[in-house]
Structure formats: C-alpha cells, structure tokens
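Sequence positions in the sequence shown follow mature numbering (1 follows the signal peptide of the UniProt record, and there is no 0) and run -24 to -1, 1 to 384. Remarks on the structure that follows.
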Amino acid sequence: VGMFAITHLALGLTWLPRPPPLLAQPARAVSRPLSIAVAQRAARSVLMCSEPVTVQVGGQPVEEGDGLLCRDEESDAWWRATVKDIDGTRVLVHYTGCSDEWDLWMEASSTDLMRAEDGGVQKSSFQSEEYEEGLDDEELLEAMRERKWAENARWQLNVFAQEQLGDWQGKCTVYDLVPAEDGVPRLVEAATSACASGAVISGGDSVDWRDELGEGEALAAMTTAATLSSESFYPQKQGNMAVGNAFTLSSGPGSVPLLLEVGLKEAAERVRAKLVYDLDESGAAPQMRLRRVAIVREASGADAAAADAGLGRPGTGLYDVPAGDKEKYCSLYCEGGLTLVCPFVLPLAPDDEARGCISLDWTGAKMRYQADRKFGVLDGSLSTFELTEILSTDSQDYTPDFKGYDRG
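What follows is the structure, given as structure tokens:
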C-alpha cells in the first residue's frame, strides 16, 4: 500500500532528537553522515566472509561485558559503562546504572572511548568537573538524570516554538456540563464567539503565549497568558509537554480551578480543547469535577479568514482508544472531524482509580491526529503525552494494531 503512512510519538523518559534551534542554545555535534553508515554496513558484510576480527578500544581488545569509560562531549565528563554488544567496528555502550534507553552505538576507535582500567578512575564511577567532588555514584546518576531532564525540557520549548509561533484567529465554542438521568453528564453548547491567540519569542529563551477567547465571565476564566521557558516543560513539576505538532498545557499541579489544554496543528490550521476542573470536597474523598470545555478552531495569517469554511462532518470517535475504565468519562463530537474524550469526575487521591487520560482526535486536511494527555492524578501533573498520526484516507481501513496487514 504505497500511500499508507502511520507514526506514533510518545514522550515519557525518552530523549528525542533536537529540532532546528529557534532559541539560543549551545552548539551541538553533527550527526553521522548517511554515507558513513552505508559504508560500515558494506564493510560488515565483507567481514562476515573473512577471518574473525578483534574489536579494539584504545589499542586493546574488548569483549561483551568489558568495562569502558565513555566521554560525554557536552559536559566533558567520563561515565562508566560496559560493552553490551559488538557489531563490526562498533560497540554498544551501556551506561552503568542507567536504563537500556540510554544505550549508544559508538565506533570502537573513537577517542571518546577507553577501557576502564586505562582511565585511572576514582572510587566514584564517574568523574567530571561539572559536578561537585565527593558525590557517590547514586548522587552523580541523579545529577546526570537532572541534566537530561533539563536538556529535554529545552528541546520541548524549541518544538513548541517551532510549531506554534505567530498570530491566530478563529472561533471558540463553550460547552457546559449538564447532568443526565443515566448518571453520565452531557456537554451542551452554551456560546460561540470570535477568539485570537498568539505566541512570540521573548528574551531569546522564552515564549510569550496568550489567547483571548471572548467576553463574558465563563470565557475569561479560560483565557491564558503565560511566559513559557524551558522550566515550564517539566511534566511532573509543571504539567506541560510538546510533541511534534501537538502540545498540552496546564495551569500547574495543585491549582484550583484547574485549567488544562490540548492542541493539534496541521499547516496553518489548529484546534485546541481547554478544560476547567473544580475541586469537589462534598463527599467522603476529594474529587476533581469537570465544569466546562472550550473548543477552539483557528488559523494563522492569510488563512484565518477561511477558518470556518467547510467544517465538514462531526468527529467519529478516537482512532486508538487508551486502555482503562471509561465509566467516568464523557465524549464530545464536533464538526470538523473533532472528538474529545475526557473524565467528568475522578478521585484526587493517587491510586488506580485516579489514573486517566484526556484525548483529542482530529481529522485534518491530510492526516488524522490523536493526542493523549495521560496522568496518574488529575491535579495538573503529567505522566506522558502521546501523539498518533495516520493518513486520513487510511484511518478508516487500518486499525491501530494492523493485524493481518501485509507489509511485504
């Protein structure tokens, strides 16, 4: 199926490649040219037919399990590691005390590698002028993790800036939660008004983000004005993330009322869902209860005037339904191929019943997107933010697992 395409992006503890920098940041090492990778694969096929070759690091042979020291170019720190696998002239470096997600293929001849016994390391597994002397291995590992979180947060800020900058205009429709006889409340349309939003880089390392949803008390409570820095994109601390053309924002863990937002963009069009949750302490245990939802459809630049043209049929549901009990969830199907599924009430205590997800599904001009904001507790914090993409023409024919699909 030549025209078929699907991607799935999940941002949790995985470190993703950096986008082209829009904000000030240190120079990064360039990636390995494709021609080198092709040449190495060709060399490997020749070696398989010849005599076994001993891989050497620093002029000494190494085998799987041997200890290494690996230099991190950015911090100029040497980290203790082991040889996990060998492939031709490369070794798979596994950092001591870290998960497999940090494993890295490196050329054995690299000057950033040495055998552990040649390094003269101190009692600590690591040595670096960047960190305080006298820290034990666990403290240094924690320092390394924190640095990685900082790098990832800056990467997300760049992703957000790259995709969402500019001025946007459109319409905002507000839906209020109305009780129903079956116990599942309904989201009922209350009002529609013109709206505007914008994002600009300020100070070289932050983004000013604002939106104006319209007049009235209900809309004023859902209006946002914030300065986003790299510190804003720590998921557990701030509840914000950006993945590709999708983003999610929070008024902050513990804020009452709690304002959450999920957005999806395709070319010059964008849809956003904003949700307000109130703290309900009327029962035996505190709960977060949905009060109101705003659906924003907008466009940027010259396309803004045509943002309302041909919205098309309503959304048809989620493409990939997240696992979990949906008894306390409600759905909203809007024109323009938009579906929102969110909890209308969840306990605030951190347990299995408190885990949940807010999902926004949108069929754009070319692709169908689904963004999932997953959390352990509905308090504004965030566990993961996931984005699924598939050609809109294929989304009706291929399920997320693609069982029986012939890829040959």
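Don't be surprised by glycine CBs; every beta carbon is placed ideally from N, CA and C. Given the structure is predicted, the values throughout are model-derived calculations rather than measurements.
**Request:** Select from D256, D370, A84 and G239 the residue whose C-alpha is nearest the C-alpha of E362.
**Result:** G239
**Item:** Inter-residue Cα distance where the pair is L89 and D143
**Value:** 48 Å
**Message:** Quick check on S206: does DSSP put it in helix, strand or coil?
**Reply:** Secondary structure at S206: helix, using DSSP grouped into helix, strand and coil.
**Prompt:** At which residues does the alpha helix (DSSP H) containing P211 begin and terminate?
**Reply:** P211 to Q214
**Request:** Please list, in chain order, all residues of the same chain as V14 whose beta carbon is under 7 Å from its beta carbon, the five residues on each side excluded.
**Result:** Reliability fails at V14, whose pLDDT of 34 lies under 50, so the model's placement of it is uncertain and the value that follows must be treated cautiously. Closer than 7 Å at Cβ, skipping near neighbours: no residue.
**Message:** Quick check: what's the CA-CA separation for T360 versus M264?
**Reply:** 20 Å
**Asked** Going by C-alpha distance, which of T364, A222 and G192 is nearest V135?
**Response** Nearest of T364, A222 and G192 to V135, Cα basis: A222.
**Asked** Ends of the beta strand (DSSP E) at F320?
**Response** No beta strand (DSSP E) holds F320; DSSP gives it neither H nor E.
**Message:** I'd like to check one pair, E274 with Y218: are the Cβ atoms closer than 9 Å?
**Reply:** The sequence shown places Ala at residue 218, rather than the Tyr named in the question. No, Cβ-Cβ distance for A218 and E274 is not below 9 Å.
**Request:** Could you pull the start and end residues of the beta strand (DSSP E) that E245 belongs to?
**Result:** E245 to D256
**Item:** Cβ of E40 within 9 Å of any chain C Cβ
**Value:** In the displayed structure, chain C is absent; only one protein chain is listed.
**Request:** Measure from the alpha carbon of V272 to the alpha carbon of each residue in S231, A260, L195 and Y305, then state which is nearest.
**Result:** When only C-alpha atoms are compared, the closest one is L195.
**Request:** Please check the pair L45 and A92, which I expect to be a contact at CB under 8 Å, by giving their CB distance rounded to whole angstroms.
**Result:** About 6 Å separates the two Cβ atoms, so the contact holds.
**Request:** Determine the direct distance from the alpha carbon of R66 to that of R331, and round the result to whole angstroms.
**Result:** 42 Å
**Where M198 falls: helix, strand or coil (DSSP)** = In the structure shown, M198 sits in coil (DSSP, three-state: anything other than H, G, I, E or B).
**Request:** Along the alpha helix (DSSP H) that carries R91, what are the first and last residues, could you check?
**Result:** First-last for R91: L89 to R91, but that is the beta strand (DSSP E), not the alpha helix (DSSP H).
**Those residues which DSSP pairs with P290 across a bridge** = E311
**Request:** Name, in chain order, the residues that DSSP records as bridge partners for D296.
**Result:** Note: D296 sits in no beta bridge, so no partner.
**Request:** Using the Cα positions of S357 and E365, report the straight-line distance between them to the nearest angstrom.
**Result:** 24 Å
**Asked** Does DSSP classify V31 as helix, strand or coil?
**Response** coil
**Message:** In this structure, how does DSSP classify residue 386 when only helix, strand and coil are distinguished?
**Reply:** Past the edges of the chain, shown from -24 to 384, lies residue 386, and the structure says nothing about it.
**Asked** In three-state DSSP terms, what is K342?
**Response** Of the three classes helix, strand and coil, the one that applies to K342 here is coil, per DSSP.
**Request:** Can you have a look at E245 and say buried or exposed, based on whether 16 or more other CB atoms are within 10 angstroms of its CB?
**Result:** buried
**Message:** For a quick check, are the C-beta atoms of Q346 and Y295 less than 9 Å apart?
**Reply:** yes
**Request:** List the residues that DSSP assigns as beta-bridge partners of D48.
**Result:** Paired residues: A53.
**Message:** Could you check whether the segment 328 to 343 touches the segment 174 to 192, counting it as contact only if at least three pairs of C-beta atoms, one from each stretch, sit closer than 8 Å?
**Reply:** No: fewer than three Cβ pairs fall under 8 Å.
**Asked** Of all the options V232, P233, A243 and L204, which has the alpha carbon lying nearest to the alpha carbon of T224?
**Response** Taking only the C-alpha atoms, the option nearest T224 is L204.
**Item:** Proximity winner among C171, Q32, Q132 and D76, relative to S276 (alpha-carbon distances)
**Value:** C171
**Asked** Quick one: Cα of D113 to Cα of W78, how far?
**Response** Going by the C-alpha atoms only, they are around 17 Å apart.
**Through-space distance from M82 to G313, alpha-carbon basis** = The straight-line gap from Cα to Cα measures roughly 46 Å.
**Prompt:** Applying the criterion that 16 or more other CB atoms from any shown protein chain within 10 Å of the CB defines a buried residue, is Q132 buried or exposed?
**Reply:** buried
**Prompt:** Roughly how many angstroms lie between the CA atoms of D377 and G291, to the nearest whole one?
**Reply:** The C-alpha of G291 is placed about 21 Å away from the C-alpha of D377.
**Prompt:** What are the start and end residues of the beta strand (DSSP E) that includes V38?
**Reply:** Careful: V38 lies outside any beta strand (DSSP E) and carries neither H nor E.
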